[in-house]
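**Q** Below are the structure tokens for one structure; questions will follow.
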DNA sequence: TCATTTTGTAAAATATATTTTACATTTGGT
DNA sequence: ACCAAATGTAAAATATATTTTACAAAATGA
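Chains as they are written, first to last, in the numbering used here: chain Y, 138 to 203; chain P, 138 to 203.
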């Protein structure tokens with residue numbers, strides 16, 4: 138799972154903490170997802186996409202994990 | 138999280154077990170997701186959407202959970 | 001340079017997804 | 001009615017996401 142959250146945050150200039158607030162998770166969760174440390178739940182993926190007004194498919198992509 | 142997996146399966150006439158196979162999870166996982174017993178991971182959501190050739194956004198939707 | 005905000009990271013605890021095994025119910029065809 | 005395939009479901013085990021607390025490093029502005 139890759140994603141362009143960092144880019145969207147820049148575009149909307151929003152901090153990790155602000156985004157975390159809006160989607161009801163902790164800052165660390167956003168940080169970890171941005172860094173691809175682990176994948177979000179589908180629900181969280183949708184919430185984040187909604188904040189930026191983009192489709193989940195445009196924000197995330199499946200980088201062939203085995 | 139709602140989804141139209143059952144419809145897509147019908148359209149492609151594919152069984153839960155077949156779909157499970159294609160996306161590398163168990164039949165029970167597909168069954169539970171169809172029944173909205175729990176939400177899939179984003180990765181799984183993408184894999185399922187890919188099988189049907191649709192966008193994640195078209196297959197799943199966020200039915201305002203609190 | 002100093003102070004403040006933002007980001008990176010980590011370990012332990014908790015919540016949730018997924019597997020495994022197993023059985024019951026429904027559905028479709030004959 | 002019978003048989004087989006498909007679906008529904010459940011409990012315990014395991015994997016993975018997310019929280020909490022806490023600190024270190026980097027970035028930004030004055």
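Heads up, the beta-carbon is just placed ideally off N, CA and C, and yes, glycines get one too.
#1: With H, G and I counted as helix, E and B as strand and the rest as coil, what does DSSP make of residue 139 of chain Y?
#2: DSSP puts residue 198 of chain P in a beta bridge; with which residues?
#3: Who does residue 173 of chain Y pair with in a DSSP beta bridge?
#4: Listed in chain order, which residues of the stretch 174–185 of chain P have Cβ atoms closer than 8 Å to some Cβ of chain Y?
#5: Should residue 203 of chain Y be labelled buried (16 or more other beta-carbon atoms within 10 Å of its own) or exposed?
**A** For this structure:
#1: strand
#2: Note: residue 198 of chain P sits in a beta bridge opposite P/139.
#3: DSSP, once it has assigned bridges, lists no residue as partnering residue 173 of chain Y.
#4: 176, 177, 178, 179, 180, 181, 182, 183, 184
#5: Because the pLDDT of residue 203 of chain Y is 46, which lies under 50, any placement of that residue in the model is unreliable, and the number read from its coordinates should be weighed accordingly. Exposed, by the Cβ-count rule.
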